[in-house]
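Engineer:
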Amino acid sequence: MKKRVLSAMPSQTFAEGALDAAQQTGKLSYDGYKKVWSDEFNGDSLNRADWNVETHEKGWVNNELQEYVDSAENIQVKDGKLIINPVKKVTDGDTGSTKEAASYTSGRVSTQNKQTFIYGRFECRAKVPKGQGYLPAFWLMANDENVYGQWPRCGEIDCMEVMGQETNKAYGTLHYGNPHSQSQGTYTITDGADFSDDFHIFTCDWEPGKITWYVDGVKYHEESEWHSTTEGQGTLAYPALFDQPFYIILNLAVGGSWVGNPNDETSFENNPYVIDYVRVYQKDSYDEDVKRPGKISLVMS
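For the sequence shown, the UniProt record's numbering assigns the number 1 to the initial residue and increments by one for each residue that follows.
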């Protein structure tokens, strides 16, 4: 039996009684897990020993409108929270035109090459902005894309995405293979509330051969059926691609191919993506002697 032992990693014992109230009402057990890393954002600036502030030009991916910048206007740590602010700047249009032109900046931070993990329970407590064209995300990417190849061959785990025009629905998605394949589940709040009203806990539990998504401790999606096939190169042994170190990303996109662009009703005043904490828990060891199952049914709520 092939096992990956993680007990040598620095860790903090996680006590069940220390759960937040929202976690206590969920169905998710933390027995057998230890907290191995977290950021509670209790300082007055981003801890750059753990986080990179990424900078990317407009349109870098997905036809998004924002430029990711390293600016205190867009990325702040305040009152125990990480705050990612979208900023809209309006300038005059072309010479001789009265039409205004808008540009956007936002923030994207990652733990690449600083905090990486193979397997674990990844958790973020956050509140999202509301408005057409916003796409906040909490997700994982392969730390070294040279292991299996560039995206999508390296794999991607989206722990949470919420579209700003539909803030009662959270998406959990897995990307893999070449040509690109994906599987996706959704969690919808049905009591009239949404993810922009208050903080919610988004969790992704990654084990060998199984990845499971939760909102506020309630399971809504599970996936075991993925592949590592690359056209013309064959298929790697399961559970590749998801058997290598991944890192964490938090970002707020503005516009793009999926979510669409902001409209006249989209507010850029006091409408941030706010993260209370990010935590990673792991078991002492993981059994990697797993086999790829047949096609499974998705679990939705």
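Even glycine gets a Cβ: it sits at the ideal position worked out from N, Cα and C.
1. Note down, in chain order, each residue of its chain lying with its Cβ closer than 6 Å to the Cβ of Ser97, except the 5 sequence neighbours on either side.
2. Is the beta carbon of Asn47 less than 8 Å from the beta carbon of Gln112?
3. Excluding the 5 residues flanking Lys58 on each side, which residues of the same chain have their C-beta closer than 8 Å to its C-beta?
4. Please determine, among Pro208, Gly209 and Tyr187, the residue with the shortest C-alpha to C-alpha distance to Pro202.
5. Ile275: which of Leu82, Val36, His56 and Leu28 sits nearest, CA to CA?
6. Where do the N-terminal and C-terminal ends of the beta strand (DSSP E) with His221 fall, by residue?
7. For Tyr273, which option in Gly164, Lys291 and Asp44 has the closest C-alpha, if you only look at C-alpha atoms?
8. Quick check on DSSP: helix, strand or coil for Ala22?
9. Does Lys58 get closer than 8 Å to chain D when you measure Cβ to Cβ?
10. Identify whether Gly234 lies in helix, strand or coil by the three-state DSSP scheme.
11. DSSP three-state call for Trp206: helix, strand or coil?
12. Find the nearest neighbour of Trp151 within the set Val61, Ser106, Leu28 and His56, judged by alpha-carbon distance.
13. Does DSSP put Glu57 in a helix, a strand or coil?
14. Whole angstroms are fine: how far does the CA of Gly234 sit from the CA of Ala22?
15. Could you tell me how far apart the beta carbons of Tyr281 and Lys114 are, in whole angstroms, since I believe they sit closer than 8 Å?
16. Which class does Tyr187 belong to by DSSP, given the choice of helix, strand or coil?
17. Please state the DSSP three-state secondary structure of Ser103.
18. When the Cα of Asp79 is compared with those of Tyr247, Tyr277 and Phe242, which residue comes out closest?
19. Using a threshold of 8 Å, state whether the C-beta atoms of Gln132 and Glu223 are closer than that.
20. Contact check, Leu28 vs Tyr214 under 8 Å by CB: the rounded distance?
21. With H, G and I counted as helix, E and B as strand and the rest as coil, what does DSSP make of residue 326?
22. On the DSSP letters alone, give me the boundaries of the beta strand (DSSP E) that Lys35 sits inside.
23. Report all residues from its chain with a CB closer than 6 Å to the CB of Asp70; omit the five preceding and five following residues, and keep chain order.
24. Report the residue ranges of all beta strand (DSSP E) runs contained in full by the region 239–284; include only those spanning at least 3 residues, in chain order.
25. Given a cut-off of 8 Å, decide if Lys130 and Phe268 are closer than it, judged by their beta-carbon atoms.
Structural biologist: In brief:
1. No answer about Ser97 holds up, because its pLDDT of 49 lies below 50 and its placement is not dependable.
2. When the beta-carbon positions are compared, Asn47 and Gln112 stay at least 8 Å from each other.
3. Counting only Cβ-Cβ distances below 8 Å, and skipping sequence neighbours, we find Glu64, Leu65, Gln66, Glu67, Ser103 and Tyr104.
4. The question names Pro, but residue 202 in the sequence shown is Phe. Residue Tyr187 is the option with its Cα nearest to Phe202.
5. Ile275 has its Cα closest to that of Leu82, out of Leu82, Val36, His56 and Leu28.
6. His221: member of the beta strand (DSSP E) spanning Val218 to Glu223, first to last residue.
7. That would be Gly164, whose Cα lies nearest to the Cα of Tyr273.
8. Low confidence applies to Ala22: its pLDDT is 39, below 50, so where it sits in the model is not reliable, and the reading given next is rough at best. It is helical.
9. No chain D is present in this structure, which holds just one protein chain.
10. Assignment of Gly234 by DSSP, reduced to helix, strand and coil, places it in the strand class.
11. In the three-state scheme derived from DSSP, where H, G and I count as helix and E and B as strand, Trp206 is classed as strand.
12. For Trp151, the closest alpha carbon among the candidates Val61, Ser106, Leu28 and His56 is that of Val61.
13. In the three-state reduction of the DSSP assignment, Glu57 falls in the coil class.
14. Only weak support exists for where Ala22 lies, its pLDDT of 39 falling under 50; the value from the coordinates is given anyway. In this structure, the alpha-carbon of Ala22 lies about 45 Å from that of Gly234.
15. Not really, about 18 Å apart at Cβ, beyond 8 Å.
16. Looking at Tyr187 - three-state DSSP - the assignment turns out to be strand.
17. Of the three classes helix, strand and coil, the one that applies to Ser103 here is strand, per DSSP.
18. Asp79 has its Cα closest to that of Tyr277, out of Tyr247, Tyr277 and Phe242.
19. No, the pair does not count as a contact, with Cβ atoms beyond the cut-off.
20. About 6 Å; that satisfies the 8 Å criterion.
21. Only positions 1 to 301 of the chain appear in this structure, which leaves residue 326 out of reach.
22. Going by DSSP, Lys35 is part of the beta strand (DSSP E) stretching over Lys34 to Asp39.
23. Closer than 6 Å at the Cβ level, and outside the excluded window around Asp70, lie Val53 and Thr55.
24. If you keep only unbroken beta strand (DSSP E) runs of at least 3 residues inside the region 239–284, you get 246–254 and 273–282.
25. No. Outside cutoff.
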